[in-house]
Amino acid sequence: MVIFYFLFVIVALLNIFFPRFGWYMRYGWMVKGDSEPSDAYLLMSRISSIIILIVFLIFVVPLI
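So, in structure tokens, the structure goes:
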């Protein structure tokens, strides 16, 4: 279970610091040619990752 927690935090941090990488892994490979995520998508991805990480740290970490 600890491995899952560690991976969850790593993925959240990657999405906070490199949201474009997450977009390419999820959507970028489906698009032909040059396609970029919008600034709004990158901002919302960062904000949601920060919120998820805070909730995780508040509710799950004390259970470990």
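Sequential numbering from 1 applies to the sequence shown in the UniProt record's numbering. The beta-carbon is built from N, C-alpha and C at its ideal position, and this holds for glycine as well.
**Request:** Within its chain, find whatever has a CB closer than 7 Å to the CB of residue 45; leave out the 5 residues flanking it on each side and keep chain order.
**Result:** Working through the sequence shown from its first residue, we reach residue 45 at position 45. Around residue 45: 15, 19, 22.
**Prompt:** What is the DSSP secondary structure of residue 27, counted as helix, strand or coil?
**Reply:** Numbered from 1 along the sequence shown, position 27 holds the residue referred to as residue 27. Correct three-state label for residue 27: coil.
**Asked** In three-state terms, what does DSSP make of residue 9?
**Response** On the sequence shown, position 9 is the one that residue 9 refers to. DSSP places residue 9 in helix when its eight states are reduced to three.
**Prompt:** Could you give the C-beta distance for residue 56 and residue 8, rounded to a whole number, given that I count them as a contact under 8 Å?
**Reply:** The residue given as residue 56 occupies position 56 in the sequence shown. The residue given as residue 8 occupies position 8 in the sequence shown. Going by Cβ atoms, the distance from residue 56 to residue 8 rounds to 6 Å, so yes, they are a contact pair.
**Request:** Figure out for me which residue from 24, 49, 51 has the closest Cα to the Cα of residue 38.
**Result:** The residue you call residue 38 lines up with position 38 of the sequence shown. If we check each option's Cα against that of residue 38, 24 comes out closest.
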